[in-house]
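Trainee: Quick one: the structure is below, questions incoming.
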Amino acid sequence: MSKSKDFLRTIVEEDLKSGKYQEVHTRFPPEPNGFPHIGHAKSIAINFGIARDYQGRCNLRMDDTNPTTEDTKYVEALKDAVKWLGFEWDDSVRFTSDYFPKLYDYAVELIKMGKAYVDSINEEEMREYRGTVTEAGKRSKYAERSVEENLDLFERMKNGEFKDGEHVLRARIDMSAANMQMRDPLLYRIRHAKHHRTGNEWSIYPMYDFAHCLSDYIEGITHSLCTLEFENNRAIYDWVLDTLELDPPRPYQYEFARLAVNYTVMSKRKLLELVEGGQVSGWDDPRMPTIAGYKRRGYTPESILTFCDQIGIAKANSMVDVSQLEFCIRDDLNTKVPRVMCVLDPLKVTITNYDEKEELDASYYPDDVPKEGFRKLPFSREIYIERDDFSQTPPKGYFRLTPEQPVRLKHAYIISCEEVIKDANGNITEIKAVYHPASKSGSDTSGIKVKSAIHWVSAKEAKTVEVRLYDRLFTNEVPESVEDINPDSLKIIKNALIEPAVITDKPDERFQFERQGYFYADPIDYSDETPVFNKIVGLKDSWGKKKKKAPKSEHKPQAKKEQIDGEVAPMSESEQALFDKYTAELKLNSEVANTLARDKRLSSFYEDALSMLNSPVALANIVANEVARELKENEGETLKFTAKQVAKLVKMLDNETISSKIAKQVFEEMAKSGEEPTQIVEAKGLIQISDTSVIAPIIDEIIAKNPDNVAKFKAGNTKLLGFFVGQALKATGGKANPKVVNELVAKKLK
RNA sequence: UGGGGUAUCGCCAAGCGGUAAGGCACUAGUUUUUGGUACUGGUAUUCGGGGGUUCGAAUCCCUCUACCCCAUCCA
């Protein structure tokens, strides 16, 4: 819970605190035109998660405004995904199509206001008229139609009197807007298509930009959270809601970065290619990043949710490492699932000195997993071990069975290799071994030390199962095409051998196959005749890693990329003159002079202030930095403070009535309220304290309270000077003279 | 090329003028009948680059660079 808040939660919290809204209400609004993937999971986790965290509500809304791409099967898949992840939507599932009548009325209203018109140019003309990113567009002649004509045309569009593409309804905004989205965006188009819910009732369908904001409003959404690519659409969102002058409160849109994971593709198009190209078995292929795929693979909803939680929410486009996801599922399953033994690549071992048969008690869980349960494990003369677990010529650091090195059979006895049997080609076909009777697991008195315990199955009792080993679908971190497909992403082992209890007792559907990884009984192909297990994820394998790392890649020195500075636009003649004057006469440094000279508002503000107080450098600094910020932040608006006030502030700074730190504070007050700086200082008692006899005891106290940091400082961590100064300043409400504090601290800590 | 965004460790990501959080990955060690888990350490003298303001800058100012989004009758 100590995890820091993301920016969306921060916004929500502030809005709740300020009373902007009584309750948060979010929504997850997919278009039902494809199967949900892990990117949707992130959106689900955000929208439902925020609603849950702040005791609000979250709707599930199908944004079904395009009848040609949407289908009911997708709405079912979407509902399943939300449910599987453990969330419940508020009330019933919403559909934008439910609002078609209302949306139509809003459009009529816009037409009546003269804010929307029916346009009748064709697509090609439309593109031409829209202009380009650098050139303004222009309106078509149809924009001049009267309100009556527009109303009539729009109604006839609705009644199906026109063909597709003959007319559209557009918002009347600004064909020369720098934001391309605002160049009279389309609101409605004619579409004679069967909608998956409304059938043929409608001939016109609203566009995203018109439908989404209003659907949010209709549902009482407070925070409309979407991905970054809609940033430019926010202006329309606001425009529609504002020009309609709807009763408050209204929703606001915020954008976050969509999820990208390396070695996977996420776009609907690429996913579809995989399915149609037969590279995968379907949308629920365990290698697919779809919710159905993860589900079939054996991922738990908890692990997906933890993953979404761990990656955070931000506005920077980023690419998450799959290993983060893999960690989440391993971590989740580690404490949940039974451990069993399954041999993937069997090597026969005959224990020559064992003729009996026994059943061993074996716990399903290791000691560090607080769960109980055990099964009977048959042990006999003939067993199978993993081929990897024997080596005749072991590499360095090999812990398993060798001709010289005994090994423990997990839950059973220690065995030693006596003889290696090979076929004509020299392949090992069998091991003859002996067991040590006194070494039985749990009552070992043999005193034999082994380096590891390996898994095994009893030959006679073991069941044959099919195991499907999955690896990442692509070999490329950022897959481009099918050429990047990993040819080994699926390996099927038909004759793996598993201990019988797994099949007969079915203690769970997910297992850890000891020393191999986590596996899931395939929900579709599993049958008692041929049990099928999907590999969810492997265990961490530091041995395998060590082996592979032989050709240790040289540390790439990766010299910092040299950055070349671009050219700075030249100054105009008057700017240059100003710059020269500032640097030569007023002795400003070139950087500050540059900032001032290039900005008309700044330079005139500066000149004004200068006429009242002859302190060119201090004034220039504050204008070029603080005033510049205020100007930037309140673009267009007039400043609340005057040059005269700034001059007064600088004067106090000049005669050291206040410190520079306090000056910033006062400036901010002044910028916010327009109050006189002298008054602010007086009212708050912000006069600087430079008296060492006042400051010294404060520093002493801080030093006494922070012995650790004092020690660190004395050990050479000089950065900590700032810490002590900061503490002293905090203790005096920022009033202590920082220069004096600095000196004092340095002296006392010496 | 206009507009809108974004840049903090190999990958995510906190941070909002006063000691560069955390997770993954990596790495060393301890425990271990899973080369798993758990635990303990190590990993950014530095925040895209360069300047400036300040006693003090990842945070404020200027400037440059790189990447993403926008010219579908898609969402």
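Residue numbers (the working numbering): 1 to 750. No residue lacks a Cβ here, since even glycine has one placed at the ideal position from N, Cα and C.
What residue does the alpha helix (DSSP H) around Q645 start on, and which one ends it?
Mentor: Note, Q645: alpha helix (DSSP H), A643 to D654.
Trainee: Is it true that the stretch 653 to 672 meets the stretch 618 to 631, where meeting means three or more beta-carbon pairs spaced less than 8 angstroms apart?
Mentor: Touching, yes, given that three or more Cβ pairs across the two stretches are closer than 8 angstroms.
Trainee: Leaving out five residues on either side along the sequence, give the residues of the same chain with a beta carbon under 6 angstroms from the beta carbon of K376.
Mentor: The answer, listed in chain order, is E359.
Trainee: Take every Cβ of the stretch 111 to 131, pair it with every Cβ of the stretch 141 to 151, and state whether three or more of those distances are shorter than 8 angstroms.
Mentor: Yes: at least three Cβ pairs fall under 8 angstroms.
Trainee: Return the Cβ separation of E509 and A521 in integer angstroms, given the expectation that the two are a contact with Cβ distance under 8 angstroms.
Mentor: Sure, about 5 angstroms apart at Cβ, within 8 angstroms.
Trainee: Would you tell me roughly how many angstroms separate the C-alpha atoms of G160 and L225, rounded to the nearest one?
Mentor: C-alpha separation (whole angstroms): 35 angstroms.
Trainee: Using alpha carbons as the reference points, say which of L721, V75 and G49 lies closest to E31.
Mentor: When only C-alpha atoms are compared, the closest one is V75.
Trainee: When burial is assigned at 16 or more other CB atoms within 10 Å of the CB, is D63 buried or exposed?
Mentor: When all chains shown are included, D63 counts as buried.
Trainee: Is the beta carbon of I454 less than 8 angstroms from the beta carbon of E562?
Mentor: Taking 8 angstroms as the Cβ cut-off, I454 and E562 do not qualify as a contacting pair.
Trainee: Threshold first: 4 residues or longer. Then list the alpha helix (DSSP H) segments lying entirely within the stretch 407 to 470, N to C.
Mentor: Listed in chain order, there is nothing to give.
Trainee: Should E245 go down as buried or exposed, given a rule of 16 or more other Cβ atoms within 10 Å for buried?
Mentor: Exposed is the call here.
Trainee: Ordered along the chain, which non-local residues of its own chain (more than five positions away) have a Cβ less than 7 angstroms from that of T732?
Mentor: Cβ neighbours of T732 beyond the five flanking positions: I689 and I698.
Trainee: Need the endpoints of the alpha helix (DSSP H) that V666 sits in, please.
Mentor: Here the alpha helix (DSSP H) through V666 covers S660 to S673.
Trainee: Are three or more beta carbon pairs between the stretch 56 to 71 and the stretch 17 to 35 nearer than 8 angstroms?
Mentor: A contact exists between the stretch 56 to 71 and the stretch 17 to 35.
Trainee: Can you tell me which of A569, C342, T429 and M207 puts its alpha carbon nearest to the alpha carbon of I765?
Mentor: Residue 765 lies beyond the stretch modelled for the chain, which goes from 1 to 750, so this question has no answer here.
Trainee: Under 8 angstroms between the Cβ atoms of P67 and R191?
Mentor: Result yes, Cβ atoms of P67 and R191 sit closer than 8 angstroms.
Trainee: Can you tell me whether V482 is buried or exposed? The criterion is at least 16 other CB atoms within 10 Å of its CB, across all chains shown.
Mentor: Flag for V482 reads exposed.
Trainee: Which of the three DSSP states is assigned to N822 in this structure?
Mentor: This structure gives no information on residue 822, because the portion of the chain shown stretches from 1 to 750.
Trainee: With DSSP as the reference, label S553 as helix, strand or coil.
Mentor: Because S553 sits at a pLDDT of 41, beneath the cut-off of 50, its placement in the model cannot be relied upon, and the following sentence gives the value as read from the coordinates. Of the three classes helix, strand and coil, the one that applies to S553 here is coil, per DSSP.
Trainee: In terms of residues, what are the limits of the beta strand (DSSP E) holding A223?
Mentor: What sits at residue 223 in the sequence shown is His, not Ala. Taken as a continuous stretch (DSSP letters only), the beta strand (DSSP E) holding H223 covers H223 to T227.
Trainee: Could you tell me whether the stretch 656 to 665 touches the stretch 697 to 715, where touching means 3 or more Cβ pairs closer than 8 angstroms?
Mentor: Not touching, per the Cβ criterion.
Trainee: By Cβ distance, which residues of its chain are closer than 8 angstroms to R145, with the 5 residues on each side in sequence left out?
Mentor: Excluding sequence neighbours, R145 sits near Y117, V118 and L153.
Trainee: Relative to the alpha-carbon of E575, which residue among S604, Q324 and K587 has its alpha-carbon at the smallest distance?
Mentor: Nearest of S604, Q324 and K587 to E575, Cα basis: S604.
Trainee: Would you list the residues sitting across from N262 in a DSSP beta bridge?
Mentor: Beta-bridge pairing links N262 to no other residue.
Trainee: Do you know whose CA, among L214, G674 and F230, lies nearest V646's CA?
Mentor: If we check each option's Cα against that of V646, G674 comes out closest.
Trainee: So the beta strand (DSSP E) A316 belongs to, where does it begin and stop?
Mentor: From DSSP, A316 is part of no beta strand (DSSP E); its letter is neither H nor E.
Trainee: Helix, strand or coil for D63? Go by DSSP, reduced to three states.
Mentor: Coil at D63, not helix or strand.
Trainee: Looking at the unbroken beta strand (DSSP E) that takes in N495, where does it start and where does it end?
Mentor: That run of the beta strand (DSSP E) goes L490 to I498.
Trainee: In terms of alpha-carbon separation, which member of H411, V592 and V420 lies closest to E404?
Mentor: Of the listed residues, the one whose Cα sits closest to E404 is V420.
Trainee: For V537, which beta-bridge partners are listed by DSSP?
Mentor: For V537, which the question treats as bridged, DSSP gives the partners Y518.
Trainee: If you draw a straight line from the alpha carbon of D488 to that of K535, how long is it in whole angstroms?
Mentor: Using only the alpha carbons, I get a separation of about 14 angstroms.
Trainee: Only counting runs of 3 or more residues, tell me where the beta strand (DSSP E) segments fall wholly within the stretch 313 to 377, in order along the chain.
Mentor: If we require 3 residues or more, the beta strand (DSSP E) runs fully inside the stretch 313 to 377 come out as 346 to 351 and 358 to 363.
Trainee: Can you tell me where the beta strand (DSSP E) with P206 in it begins and where it stops?
Mentor: It spans I204 to P206 - the beta strand (DSSP E) in which P206 sits, taken as one unbroken run.
Trainee: With distances taken Cα to Cα, identify the nearest neighbour of S140 among E155, E123, V133 and R156.
Mentor: Measuring from the Cα of S140, the nearest candidate turns out to be E123.
Trainee: What are the uninterrupted segments assigned as alpha helix (DSSP H) that are 4 or more residues long and contained completely in the stretch 716 to 742, given in chain order?
Mentor: Counting whole runs of 4 or more residues, the stretch 716 to 742 contains the alpha helix (DSSP H) stretches 720 to 731.
Trainee: Q405 by DSSP, collapsed to three states: which one?
Mentor: Here Q405 sits in coil by DSSP.
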